[in-house]
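1 is the number of the first residue of the sequence shown in the UniProt record's numbering; add one for each residue after it. Presented below is the structure to which this report refers.
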Amino acid sequence: MRRKVSNPLALAVLAHLVMGPMHPYELGKQLKDTGKDRNIKFNRGSLYMVVEQLRKAGFVAEQETVKDTQRPERTIYALTGTGRDELHDWMRELVRDPAHEYPQFGVALSLISVLDPVESVELLRARAEALTKDLDETRAMVGKATADGVQWIFLVEEEYRMSLVEAELRLVEKLTGELSKAEYQHQWREFFGREQ
């Protein structure tokens, strides 16, 4: 289904407005405070742009404009009934229907044979180190959040992230082993005309 606004940030905005009307700055703060910025990249400009797109689509509406002496005028946005329907329909689709994604590492793997296998092994080992560090940091963050009483449902995207990183690490280790084999390195040099 083609959506009027298909940016993942729009989905996060709709989801956060379920909790009540907010100003875009407050929305951005909540997204960062809840760690959603680990999965959804945004900046202040893109957030305001998405809120405007949602307003034009009828998914959010201006509820009120607040003016106090300390700050400039701020517009508070609320979720509309149509926006709530869009949120639920979109979430059902994302949870139910697998979609083929095109991650950059998948592109790199599909073309890795152009690199010298010795160099590929070095690069993959560096990637494994970075992945291991990311995995350790995520585990520590989830452990702290759990100890602080955060319910598991609010950490499920981090569980998903850790599962993906663990799977990628296994693949990287397997690939490193295969690329390290003298037989493959010989075949590669023969094929690419670099036999010494």
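Virtual Cβ for every residue (Gly too), placed ideally from N, Cα, C.
Cα-Cα separation, residue i to residue j
| i | j | result |
| --- | --- | --- |
| residue 136 | residue 65 | 44 Å |
| residue 2 | residue 13 | 19 Å |
| residue 94 | residue 109 | 26 Å |
| residue 50 | residue 59 | 11 Å |
| residue 91 | residue 192 | 48 Å |
| residue 189 | residue 126 | 23 Å |
| residue 26 | residue 99 | 31 Å |
| residue 15 | residue 144 | 25 Å |
Whether residue i touches residue j by CB criterion (9 Å)
| i | j | result |
| --- | --- | --- |
| residue 28 | residue 47 | yes |
| residue 169 | residue 132 | yes |
| residue 158 | residue 45 | no |
| residue 96 | residue 18 | no |
| residue 111 | residue 172 | no |
| residue 117 | residue 179 | yes |
| residue 77 | residue 61 | yes |
| residue 70 | residue 7 | no |
Integer Cβ distance of residue i from residue j, believed to fall under 8 Å
| i | j | result |
| --- | --- | --- |
| residue 23 | residue 75 | 7 Å |
| residue 155 | residue 142 | 5 Å |
Status (buried if at least 16 other CB within 10 Å, exposed otherwise) for residue i
| i | result |
| --- | --- |
| residue 42 | buried |
| residue 103 | exposed |
| residue 11 | buried |
| residue 73 | exposed |
| residue 113 | exposed |
| residue 86 | buried |
* **Those runs of the beta strand (DSSP E) which lie wholly inside the segment 61-120 and span at least 3 residues** => As far as the segment 61-120 is concerned, its whole beta strand (DSSP E) runs of at least 3 residues are 74-79.
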